[in-house]
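What follows is a short report on a single structure.
Protein chains: 2
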Amino acid sequence: MSQKASRADFEARLRQVGALRYHDKHPFHALLHGGKCTPDQVRAWVINRYYYQCSIPMKDAAFLSRVDDPALRRAWRSRIEDHDGHGENEGGIERWLRLADAVGLDRDYVASRQGVLPATRFAVDAYIRFVRDKSLLEAVAASLTELFAPKIHADRIAGLLAHYDFADDRSLSYFRRRLDEAPKDVAFGLNWVLDHADSAEKQDAAVAALEFKTDVLWSQLDALHSAYVTPARIPPGGWQPGSHLARVQEPCL
Amino acid sequence: MSQKASRADFEARLRQVGALRYHDKHPFHALLHGGKCTPDQVRAWVINRYYYQCSIPMKDAAFLSRVDDPALRRAWRSRIEDHDGHGENEGGIERWLRLADAVGLDRDYVASRQGVLPATRFAVDAYIRFVRDKSLLEAVAASLTELFAPKIHADRIAGLLAHYDFADDRSLSYFRRRLDEAPKDVAFGLNWVLDHADSAEKQDAAVAALEFKTDVLWSQLDALHSAYVTPARIPPGGWQPGSHLARVQEPCL
Numbered sequence: 000m001s002q003k004a005s006r007a008d009f010e011a012r013l014r015q016v017g018a019l020r021y022h023d024k025h026p027f028h029a030l031l032h033g034g035k036c037t038p039d040q041v042r043a044w045v046i047n048r049y050y051y052q053c054s055i056p057m058k059d060a061a062f063l064s065r066v067d068d069p070a071l072r073r074a075w076r077s078r079i080e081d082h083d084g085h086g087e088n089e090g091g092i093e094r095w096l097r098l099a100d101a102v103g104l105d106r107d108y109v110a111s112r113q114g115v116l117p118a119t120r121f122a123v124d125a126y127i128r129f130v131r132d133k134s135l136l137e138a139v140a141a142s143l144t145e146l147f148a149p150k151i152h153a154d155r156i157a158g159l160l161a162h163y164d165f166a167d168d169r170s171l172s173y174f175r176r177r178l179d180e181a182p183k184d185v186a187f188g189l190n191w192v193l194d195h196a197d198s199a200e201k202q203d204a205a206v207a208a209l210e211f212k213t214d215v216l217w218s219q220l221d222a223l224h225s226a227y228v229t230p231a232r233i234p235p236g237g238w239q240p241g242s243h244l245a246r247v248q249e250p251c252l
Numbered sequence: 000m001s002q003k004a005s006r007a008d009f010e011a012r013l014r015q016v017g018a019l020r021y022h023d024k025h026p027f028h029a030l031l032h033g034g035k036c037t038p039d040q041v042r043a044w045v046i047n048r049y050y051y052q053c054s055i056p057m058k059d060a061a062f063l064s065r066v067d068d069p070a071l072r073r074a075w076r077s078r079i080e081d082h083d084g085h086g087e088n089e090g091g092i093e094r095w096l097r098l099a100d101a102v103g104l105d106r107d108y109v110a111s112r113q114g115v116l117p118a119t120r121f122a123v124d125a126y127i128r129f130v131r132d133k134s135l136l137e138a139v140a141a142s143l144t145e146l147f148a149p150k151i152h153a154d155r156i157a158g159l160l161a162h163y164d165f166a167d168d169r170s171l172s173y174f175r176r177r178l179d180e181a182p183k184d185v186a187f188g189l190n191w192v193l194d195h196a197d198s199a200e201k202q203d204a205a206v207a208a209l210e211f212k213t214d215v216l217w218s219q220l221d222a223l224h225s226a227y228v229t230p231a232r233i234p235p236g237g238w239q240p241g242s243h244l245a246r247v248q249e250p251c252l
């Protein structure tokens, strides 16, 4: 039976999950950030990642629906606002659709979530269900992949700006905004997990939850890579390259 | 708005889903049945497919838990017995572990479900949840991939016997048994769907459910192929070739 780790050691163990398993180690990211993706590979990423983006507020609502502490609900609620919009802020989902415009896709098609790879759906849906079914501690721990996100967003902005004509402040506004939003969320989530994982068993569960979440992210890139890079075998129902482009737009990739 | 199809046309439409999307079209099956899989690729298939096998009775129990008609529950219950065993019948899960023995794997490792690819878990878990959450009609319709299974089981028995030393009556007993069991189940399920899909909308929902199920199966082979064939990139946590072999057994592949 393992012993409860100190707060610092437990935090180090959580961070180690990212060092070993976060999807910035996946080859698709190197292709994307290095400018090696074809226009259609970028589009496939935009279409599939949209499914993740637009599911996140449902995940957060599932979390809220299980929290009986108003203070925790209040602290968490901004995540939904960040994605769905609030007042002047159009929200992360709308910003993602701006990226869809910029890469020449029909935004209504992207928003319809048709053509999303089945493996993407299964992985993302598994995350919503995880948050609905597991302990609150595990649900918050699963959100801690945001610990590792600022670096990937910064790399992505730099890489896309350097390599793709479609990339500019407007099309990449999703990522810039996340650089501001994510640190606040993750500082709260990390402290909450460090406070509430008050036994070795709970620490193990939190680490397993974070590993689960890295699997959710990794599986999405594996599905993209397998369908559109190597061996480039698109499963039945997946988006076909060249289809569902915006009608009036100049090609911008 | 579409019109309700005749019983015969609706059945043809269901069968067409298999013709277009069933996983016998996936290249991994051609490799396996043609003797082109390495021993470790066969083992990876056995490990991952076990996760599906051992989840099926949970799926069927989720179905039973939602049925208020004793006659339907009685007709459906044999599916659980077929997998979990009953009296003299050791059940399909035990027969699958016999296949794990035959390919030289540590059966306790296989039964532990460690090393299963995350994408396999997500797909299979999505199926259990689908049956728990959707209408009974959609749940039964999703089971109709068994319409297409007898051919794949027969091909598999012939292909494995022809190409692999481990294959014999004992190790392949799972597939032989399913050749007897599946036709009874699927005849019942097909008739139930044909009887209960009494509107165009319900017929569409049944077809979509069957498509969903083909996605569940296809995604499992995509995950296997991507991890162990091309590009042979094993995701974090996936089984490592050469590991968890049975200690005392002669190599039999």
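So the sequence lines, in the order shown, correspond to chains Z and S. Counted from 1, the first sequence has number 213 at position 214 by numbering that gives the first Met the number 0; the numbering is strictly sequential. Counted from 1, the second sequence has number 57 at position 58 by numbering that gives the first Met the number 0; the numbering is strictly sequential. Glycine included, every Cβ here is placed at the ideal spot set by N, Cα and C.
query, result
"Whole-angstrom distance between Gly103 (chain Z) and Glu93 (chain Z), CA atom to CA atom", "15 Å"
"Below-9 Å beta-carbon distance, Val215 (chain Z) vs any chain S residue", "yes"
"For Arg97 (chain S), the nearest candidate out of S:Leu189, S:Gln202, S:Phe165 (CA to CA)", "S:Phe165"
"Close beta carbons around His82 (chain Z), own chain, < 6 Å, minus the five adjacent residues each side", "Ile55, Pro56, Gly90, Gly91, Ile92"
"Chain Z contact for Leu209 (chain S) (CB, 9 Å cutoff)", "no"
"Under the three-state DSSP convention, the category Leu159 (chain Z) falls into", "helix"
"Coarse secondary structure for His25 (chain S), derived from DSSP in three states", "coil"
"Start-to-end residues for the alpha helix (DSSP H) that takes in Glu10 (chain S)", "6 to 20"
"Sheet register partners of Leu104 (chain S) (DSSP bridge)", "S:Leu244"
"Integer Cβ distance of Lys58 (chain Z) from Tyr126 (chain Z), believed to fall under 8 Å", "6 Å"
"Beta carbon proximity, Phe121 (chain S) to chain Z, threshold 9 Å", "yes"
"Endpoints, the alpha helix (DSSP H) within which Arg42 (chain S) is located", "38 to 63"
"Cβ-Cβ distance between Lys133 (chain Z) and Ala122 (chain Z) below 9 Å", "no"
"Whole-number beta carbon distance between His25 (chain Z) and Trp217 (chain Z), since they are thought to touch under 8 Å", "6 Å"
"Rounded distance between the beta-carbons of Asp221 (chain S) and Ala118 (chain Z), thought under 8 Å", "7 Å"
"Proximal chain S residues relative to Leu19 (chain Z), where beta-carbon distance stays under 8 Å", "Pro235"
"Assumed close pair Ala205 (chain Z), Leu13 (chain Z) - CB separation to whole angstroms, cut-off 8 Å", "7 Å"
"Within-9 Å CB hit, Asp124 (chain Z) to chain S", "yes"
"Contact set for Arg131 (chain Z): own chain, Cβ-Cβ below 7 Å, skip 5 residues either direction", "Ala61"
"Contact set between Pro56 (chain S) and chain Z, taken where Cβ atoms lie within less than 7 Å", "Residues of chain Z passing the Cβ test: none, with the nearest at roughly 19 Å."
"Closest Cα partner of Glu80 (chain S) within the set S:Asp184, S:Val215, S:Trp238", "S:Asp184"
"Interface residues of the segment 59 to 75 of chain S facing chain Z [CB-CB below 7 Å]", "none"
"Per DSSP, cross-strand counterpart(s) of Asn88 (chain Z)", "Z:His85"
"Near-chain S residues of the segment 125 to 139 of chain Z - C-beta to any C-beta below 8 Å", "Ala125, Arg128"
"Close beta carbons around Ser225 (chain S), own chain, < 7 Å, minus the five adjacent residues each side", "Arg232"
"Interface residues of chain S facing Ala118 (chain Z) [CB-CB closer than 8 Å]", "Ala118, Phe121, Ala122, Ser218, Asp221, Ala222"
"Simplified DSSP assignment, three categories, for Leu116 (chain Z)", "coil"
"Runs of alpha helix (DSSP H) lying entirely within the segment 160 to 199 of chain Z, each at least 4 residues, in chain order", "172 to 195"
"Contacts of Pro230 (chain S) in chain Z (Cβ-Cβ under 7 Å)", "Thr229"
"C-beta neighbour in chain Z for Pro240 (chain S), strict 9 Å", "no"
"Distance between beta carbons of Tyr49 (chain S) and Trp95 (chain S), contact taken as under 8 Å", "6 Å"
"Assigned exposure category for Glu87 (chain Z) - 16 Cβ within 10 Å defines buried", "exposed"
"Where Ser225 (chain Z) meets chain S, residues with beta-carbon distance less than 7 Å", "Asp221, Ser225"
"C-beta neighbour in chain Z for Pro26 (chain S), strict 9 Å", "yes"
"Beta strand (DSSP E) runs wholly inside the segment 200 to 231 of chain Z, at least 3 long, in chain order", "none"
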